[in-house]
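**Q**
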Amino acid sequence: MPKKRHSVINAYTDGEFLLHFRITRKLFNTLSRTFLESAQYKELRPDKRLSSDDHLAIFLWFAGHEGCSFRDLSNRFNVTISTVSRVIVRVTSFLSDLSQQVIKWPTAAEKEASSQYFQTTCGVSGVIGCIDKTDITIDPPTRSKNDNADQKGTNAVLKIKKPPTTDSTTPSSN
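Residue numbers (full-length UniProt numbering): 1 to 174.
#1: Can you give me the start and stop residues for the alpha helix (DSSP H) that R45 sits inside?
#2: As a quick exercise: from G15, S51 and H20, pick the residue whose alpha carbon is nearest that of V79.
#3: Note down the Cα distance separating E66 from F17, rounded to an integer number of angstroms.
#4: Quick one: using the 10 Å Cβ neighbour count with 16 as the cut-off for buried, is T121 buried or exposed?
#5: From Q100 to L60, what does the alpha carbon distance come to, in whole angstroms?
#6: Under a three-way DSSP split, which group does L50 fall into?
#7: If you drop the 5 nearest sequence neighbours on each side, which residues of the same chain put their C-beta closer than 7 Å to that of L56?
#8: What number of angstroms, rounded off, separates the C-alpha of P46 from the C-alpha of S38?
#9: With DSSP collapsed to three states, give me the class of I23.
#10: Shorter than 8 Å from the beta carbon of I103 to some beta carbon of chain D?
#11: I'd like the list of long-range same chain contacts for R71, defined as Cβ closer than 7 Å, with 5 residues on each side in sequence excluded.
#12: With N75 as the anchor, note down where its alpha helix (DSSP H) starts and where it stops.
#13: When the Cα of F21 is compared with those of Y117, F62, Y41 and K42, which residue comes out closest?
#14: Could you give the first and the last residue of the continuous alpha helix (DSSP H) run that contains T92?
#15: Please go through the same chain and pick out, in chain order, the residues whose beta-carbon is closer than 7 Å to the beta-carbon of S93, but skip the five residues on each side of it.
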């Protein structure tokens, strides 16, 4: 990325950074350092490669903005469309490799506890977890318009949250 791009990204407040890239600046920096040491990054020609920050910023912008096209990314980050394509594939491969280190599958006891939580809380049986939550958009009621608003301000009738975790190393979005 040109220096101008870095200065714009660095000028984002923490809230703006989170809004645009969907992760905290601290996590971004950690992932960028990890990507810098990855096989996917090290195999690139040093004289031709974008920085690890550039790779991650392009990927996260793409992943976090539903209507974003490769052309949009190409213009936003001042790279070719083919570079955008290769960056997306490269960072996807990196994250896929990294997933083995960060995804923790539940034990039988945790599955049972989670299943009981969803049965009790939501009346849904056989569920052992969810990645985020599911919101069904509705027209807001006349009174208490904000009672059912999600993080984007959309009114929703159903909100399913993950059960509380007892493992302090496992992130939770509750």
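Virtual Cβ for every residue (Gly too), placed ideally from N, Cα, C.
Note that the structure is a prediction, hence the values are computed from the model and not measured.
**A** Based on what the coordinates show:
#1: No alpha helix (DSSP H) holds R45; DSSP gives it neither H nor E.
#2: S51
#3: Roughly 17 Å between the two C-alpha positions.
#4: exposed
#5: 20 Å
#6: In this structure, L50 counts as coil in the three-state DSSP scheme.
#7: Closer than 7 Å at the Cβ level, and outside the excluded window around L56, lie F28, L31, S32, F35 and V91.
#8: 14 Å
#9: coil
#10: Annotation note: the requested chain D is absent from the structure, which comprises a single protein chain.
#11: Once the five neighbours on either side are set aside, the close Cβ partners of R71 are I81.
#12: Its alpha helix (DSSP H) spans residues F70 to F77.
#13: Of Y117, F62, Y41 and K42, the residue nearest in Cα terms is F62.
#14: Per DSSP, T92 is one residue of the alpha helix (DSSP H) stretching across I81 to V102.
#15: Non-local C-beta neighbours of S93 in its own chain, meaning closer than 7 Å and more than five positions away in sequence, comprise Q40, ordered along the chain.
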